[in-house]
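A short write-up of the structure that comes next.
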Amino acid sequence: MKQVVQNYKSGELALLDVPAPACKPGGVLVRTAFSLISTGTEMMKVSEASMSMVGKARSRPDQVAKVMQSVATNGVTATYRKVMNKLDSYTPLGYSLVGVVEEVGSGEAADVAVGDLVACAGNEHALHSELNWVPKNLYARVPAGLDPRHASFGTVGSIALQGVRRGEPQLGDIALVIGLGLIGQLVVQLLTASGVRVLGVDPDPGRCELAEKLGAVVCGAPGSELVDAAVAELTSGHGVDQVYLAAGGNTNEPVELAARLSRDRGRVIDIGKSRLDLPWNAYYEKELDVRFSRSYGPGRYDPSYELEGRDYPIGYVRWTERRNIECFLDLAARGRVNVEPLISHVADFSTAVETYQRLNAGELKAVAVLFRYPDAVPEVSQPVVAATPVPAPARTAHPLGRIRVGFIGAGNYASSMLLPHLSERDDVELTRVATTSALSGANARRKFGFVDASTDVDAVLEDDAIDAVFVVTRHSSHAELTRRALLAGKAVFVEKPLALTEAEVGKILAAIEESGNDRLQVGFNRRFAPLLHEAKAQFGRRVGPASVRYLVNAGQLESSSWYNQADTEGTRFAGEGGHFIDTVSWLLESEPIAVYACGTTDQQIFLRYPDGSTATISYVTSGSTGFQKETIDLLGDGKVLKFDDFLRASVFSRKKWSGPRIPKGRDKGQQAELDAFVEAVASGGPMPIPLHSLVSTTLATLATQTSLATGVPVRIEVPS
81 MKQVVQNYKS GELALLDVPA PACKPGGVLV RTAFSLISTG TEMMKVSEAS
131 MSMVGKARSR PDQVAKVMQS VATNGVTATY RKVMNKLDSY TPLGYSLVGV
181 VEEVGSGEAA DVAVGDLVAC AGNEHALHSE LNWVPKNLYA RVPAGLDPRH
231 ASFGTVGSIA LQGVRRGEPQ LGDIALVIGL GLIGQLVVQL LTASGVRVLG
281 VDPDPGRCEL AEKLGAVVCG APGSELVDAA VAELTSGHGV DQVYLAAGGN
331 TNEPVELAAR LSRDRGRVID IGKSRLDLPW NAYYEKELDV RFSRSYGPGR
381 YDPSYELEGR DYPIGYVRWT ERRNIECFLD LAARGRVNVE PLISHVADFS
431 TAVETYQRLN AGELKAVAVL FRYPDAVPEV SQPVVAATPV PAPARTAHPL
481 GRIRVGFIGA GNYASSMLLP HLSERDDVEL TRVATTSALS GANARRKFGF
531 VDASTDVDAV LEDDAIDAVF VVTRHSSHAE LTRRALLAGK AVFVEKPLAL
581 TEAEVGKILA AIEESGNDRL QVGFNRRFAP LLHEAKAQFG RRVGPASVRY
631 LVNAGQLESS SWYNQADTEG TRFAGEGGHF IDTVSWLLES EPIAVYACGT
681 TDQQIFLRYP DGSTATISYV TSGSTGFQKE TIDLLGDGKV LKFDDFLRAS
731 VFSRKKWSGP RIPKGRDKGQ QAELDAFVEA VASGGPMPIP LHSLVSTTLA
781 TLATQTSLAT GVPVRIEVPS
């Protein structure tokens, strides 16, 4: 299928062939009829992509700050690889469309059926693409009689509607809308429909004229005496009740104008992306109430609402994201909002790249532009065609000893830490990749040379030619995908964690017993780090018990991180704690027999080993981001090994050894880990980490959660 994409590094726009998305549970597969270009948000993104790297940095100082923090934490090399991977990838465009339901996912409520016309939202689910999978809270049925072209405004309409709700207008209020682009024009109409008299400001006379035709009393350019006079007359000199900022750009003029024309204790609502250097005196003296409107409404950026379909009770949250879309569609169907005058241009989807280029160059002046797709609104009686993956090109003969690899998942970690190493090897063929997003699969195929990309996991697991499967998905899917891959006879590399429950561990062990296939590796890469290997060798053999102290300065997660979804993805320590337990066990050359954990946000995990050795892992989220992330001290037999964040290592014994300082970045062992895995698969030799150790580490990681809950130590018993 075709999809509009952009490479943020080069600025290239393309209409790309990508795999069709699968219809997953909890949503519907929609064939697009019309999709709307947001001439504000999308064109800002297109414009940024065409800038130089310096220009991109200046336009996104927030991202520059994140990069600098990553450099401090992970080093220059790893950060550069990660940033370049994200920049040099195709990203999707679009977030507002209308289309026909082609398939309904299992477990979906019967609120829509195949053939229904639905408006869809989301910058991951309502893309400029022939097919989209859309979760249940991000689509709404189109009312009978509403023109499908008008229904494609559902998402941008809900953005405008949420902004108006944040302003809390009342009958008889006077409002000012600054910026009369697509969102501003919709805000004007919604306010007018609410019984509010509206004035508008925009430097474009054509947009001012359009807003007046759609209900505004008076519109003019910034600083216009006409607007000032109208405000004075309509408000008896008091100023407007609300100002809606729907403008973009880097000028501070909108917020200054808002202060000047607002009444005492008025409200200023930011809907667009305005510069907000608030003039303190002006806002303080009037005690202005500044509010932000967050996109489509309550539910936005909440994974449990958007992805898992958990609605908010209407008694507590009247207007959610989906209910806002439904409300806007209803207003449009009843003629209370008229979007027809906003449609400046309708382009065939096949001309998408040219249309964007004309908009970016200023050749095409438009408020709203629609893409029209082939067979835009098919008859309901037409048969449904299930989504199919892009067919794989015919294979050629392979050199002797070359292993064929399939990937399930190709997110940022896989694309920056695993695939670059594998793609450089002559003894590895990247055969198939299956991803949730069709575009991420297409990116992986383009960048790393996969023979085939699709959204079909079964295509990877059931391909008899594939020797090894990499499972690099979210934590909740690791155990089941690993179990299925083992039963299919594949060697398996699964990123940590192996499992989130003891029951899942049991199912994996049952699959190994049933299939006789124990070719399993978990991504515990730290034991493969070259500097740590050398430090351990310098420490030498150990006779008596030892003590290990491992400080993990994990830091705070962003609230939007999926690591916070403990109910579905496990706790944060369950997700990454195996790294640290595995490293300690490798240093002590033994497996833990008991675990005791205490703490809340910051956790202390105590491990006991058969020979009397002990280890303390301090997993801390309250520390300074300026301090190193991982430090290890190993003490025993009159010797000390000190290891500082994969940059420095020392051993204190009769002679002191200091390892080489690593100036260019931290090598946490990913390449060496992959080398060992590929060698084991190719040769049929032992896997790099024994199965008993993988299971022991996983059970010990899970035991920390049990100990935290019960307050008592937990004994580790690995099934034989």
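Position in the sequence shown (from 1) plus 80 gives the number in our numbering. C-beta atoms are modelled at their ideal positions from N, C-alpha and C, and glycine is treated no differently.
Is the distance from the Cβ of Asp282 to the Cβ of Gly303 below 8 Å? In the sequence shown, counting from the first residue as 1, residue 282 sits at position 202. In the sequence shown, counting from the first residue as 1, residue 303 sits at position 223. No, the pair does not count as a contact, with Cβ atoms beyond the cut-off.
Work out the CA separation of Phe550 and Arg505 for me, nearest whole Å. Within the sequence shown, the letter at position 425 stands for residue 505. Within the sequence shown, the letter at position 470 stands for residue 550. If I take the Cα positions, the gap works out to 16 Å.
Limits of the unbroken beta strand (DSSP E) element including Asn633: For this step, residue 633 is matched to residue 553 along the sequence shown. Element bounds for Asn633: 627-633.
Looking at the structure shown, is Ala326 part of a helix, part of a strand, or coil, going by DSSP? Numbered from its first residue, the sequence shown carries residue 326 at position 246. In this structure, Ala326 counts as coil in the three-state DSSP scheme.
Can you name, in chain order, every residue of its own chain whose Cβ lies under 8 Å from the Cβ of Glu594, other than the five neighbours on each side? Position 514 of the sequence shown holds residue 594. Only Leu567 meet the Cβ criterion.
Please classify Asp532: is it buried, with 16 or more other beta-carbons within 10 angstroms of its beta-carbon, or exposed? For the purposes of this step, residue 532 is identified with residue 452 of the sequence shown, where counting begins at 1. Label assigned to Asp532: buried.
Take Leu715 and list the residues in its own chain whose beta-carbon comes closer than 6 Å to its own, dropping the five residues that flank it on each side. Position 635 of the sequence shown, counted from the start, is the residue given in the question as residue 715. Excluding residues within five positions, the ones whose Cβ falls inside 6 Å are Ser627.
Give a yes or no on whether the C-beta atoms belonging to Gly596 and Val574 are separated by under 8 Å. Reading the sequence shown from its first residue, position 516 is the one you call residue 596. Reading the sequence shown from its first residue, position 494 is the one you call residue 574. Cβ distance not < 8 Å, so Gly596 and Val574 don't count as in contact.
Cα-Cα separation, Thr112 to Gly329: Walking along the sequence shown from the start, residue 112 turns up at place 32. Walking along the sequence shown from the start, residue 329 turns up at place 249. Each residue's alpha carbon lies about 31 Å from the other.
Close Cβ partners of Gln785 (< 7 Å) along its chain, the five nearest in sequence each way excluded: Numbered from 1 along the sequence shown, position 705 holds the residue referred to as residue 785. For Gln785, where only same-chain residues beyond five positions count, the Cβ hits under 7 Å are Thr651, Ala654.
For Lys587, which residues from the same chain have a beta carbon less than 7 Å from its beta carbon, with the 5 sequence-adjacent residues on both sides left out? Within the sequence shown, residue 587 is the residue found at index 507, counting from 1. Residues Ala559, Arg563 of the same chain have their beta carbon placed closer than 7 Å to that of Lys587, with the five preceding and five following residues left out of the count.
Let's test the definition: count the other Cβ atoms within 10 Å of the Cβ of Pro473 and tell me whether it reaches 16, buried, or not, exposed. Counting from one through the sequence shown, the residue named residue 473 turns up at place 393. The predicted position of Pro473 is uncertain, since its pLDDT is 33 and thus under 50; a value taken from the coordinates is nonetheless stated next. So Pro473 ends up on the exposed side.
Uninterrupted alpha helix (DSSP H) stretches inside the segment 272-297 (no shorter than 4 residues): 285-293
Comparing C-alpha positions only, which one of Ala695, Asn633, Asp547, Ile488 sits nearest to Ser763? Here residue 763 refers to the residue found at position 683 of the sequence shown. Nearest of Ala695, Asn633, Asp547, Ile488 to Ser763, Cα basis: Asp547.
Output yes or no for whether 8 Å exceeds the beta carbon distance between Ala102 and Asp536. To locate residue 102, count along the sequence shown from 1; it is residue 22. To locate residue 536, count along the sequence shown from 1; it is residue 456. Against a cut-off of 8 Å, the Cβ pair of Asp536 and Ala102 comes out as a contact.
With DSSP as the reference, label Pro105 as helix, strand or coil. By one-based count along the sequence shown, residue 105 stands at place 25. Coil.
Within 8 Å, do at least three Cβ pairs link the segment 244-252 to the segment 426-436? no
Met124 versus Leu271, Gln437, Val298, Ile239, residue with shortest Cα-Cα distance: Start at 1 with the first residue of the sequence shown, and residue 124 comes out as number 44. Ranking Leu271, Gln437, Val298, Ile239 by Cα distance to Met124 puts Gln437 first.
Which value, in whole angstroms, describes the spacing of the CA atoms of Lys216 and Ala273? Translated into positions along the sequence shown, residue 216 becomes position 136. Translated into positions along the sequence shown, residue 273 becomes position 193. Roughly 29 Å separates the two Cα atoms.
To the nearest angstrom, how far is it from the Cα of Cys407 to the Cα of Phe372? Locating residue 407 in the sequence shown gives position 327, counting from the first residue. Locating residue 372 in the sequence shown gives position 292, counting from the first residue. Taking the straight line from one Cα to the other gives about 21 Å.
Starting from the C-beta of Tyr385, find all residues in its chain whose C-beta is less than 6 Å away, skip the five residues before and the five after it, and write them out in chain order. One-based indexing of the sequence shown puts residue 385 at position 305. The answer, listed in chain order, is Asn217, Gly379.
Touching by the beta-carbon criterion (3+ pairs, under 8 Å), the segment 263-277 and the segment 288-295: yes
Would you check if the segment 203-212 and the segment 332-347 touch, i.e. whether three or more CB-CB distances between them fall below 8 Å? no
Short check: CB of Gly739 to CB of Glu614, under 8 Å? The count along the sequence shown starts at 1 and reaches residue 739 at position 659. The count along the sequence shown starts at 1 and reaches residue 614 at position 534. Yes, the Cβ-Cβ distance between Gly739 and Glu614 is below 8 Å.
Would Asn523 be called buried (16 or more neighbouring beta carbons within 10 Å of its own) or exposed? Residue numbering aside, residue 523 sits at position 443 when the sequence shown is read from its first letter. Under this definition Asn523 is a buried residue.
Beta-carbon within less than 6 Å of Val700's beta-carbon, same chain only, minus the 5 sequence neighbours each way: which residues are those? By 1-based counting over the sequence shown, the position of residue 700 is 620. Same-chain partners within the cutoff: Asn633, Asp682.
On the three-state DSSP scale, how would you describe Phe408? Here residue 408 refers to the residue found at position 328 of the sequence shown. Three-state DSSP puts Phe408 in a helix.
Throw me the rounded Cβ distance for the Val447 and Gly261 pair, which I believe falls under 8 Å. Reading the sequence shown from its first residue, position 367 is the one you call residue 447. Reading the sequence shown from its first residue, position 181 is the one you call residue 261. Yes, they are in contact, since the Cβ atoms of Val447 and Gly261 sit about 6 Å apart, within 8 Å.
With a threshold of 7 Å on Cβ separation, who are the neighbours of Ala609 within its own chain once the five nearest residues in sequence on each side are excluded? The residue you call residue 609 lines up with position 529 of the sequence shown. Excluding residues up to 5 positions away in sequence, Phe726, Asp747, Lys748, Gly749 lie with their Cβ nearer than 7 Å to the Cβ of Ala609 in the same chain.
Backbone CA spacing between Lys527 and Trp213 [nearest angstrom]: Within the sequence shown, the letter at position 447 stands for residue 527. Within the sequence shown, the letter at position 133 stands for residue 213. If I take the Cα positions, the gap works out to 24 Å.
Extent of the continuous alpha helix (DSSP H) to which Val244 belongs: By one-based count along the sequence shown, residue 244 stands at place 164. Unbroken alpha helix (DSSP H) run through Val244: 234-247.
Can you tell me whether His772 is buried or exposed? The criterion is at least 16 other CB atoms within 10 Å of its CB, across all chains shown. Residue numbering aside, residue 772 sits at position 692 when the sequence shown is read from its first letter. That one is exposed.
Candidates Leu600, Phe114, Arg374, Tyr88: which alpha carbon is nearest Leu754's? Position 674 of the sequence shown, counting from 1, holds the residue named residue 754. Closest by alpha carbon: Leu600.
In terms of alpha-carbon separation, which member of Val513, Glu671, Arg374, Glu401 lies closest to Ala490? In the sequence shown, residue 490 corresponds to position 410, counting from 1. Checking every option, the nearest Cα to that of Ala490 belongs to Val513.
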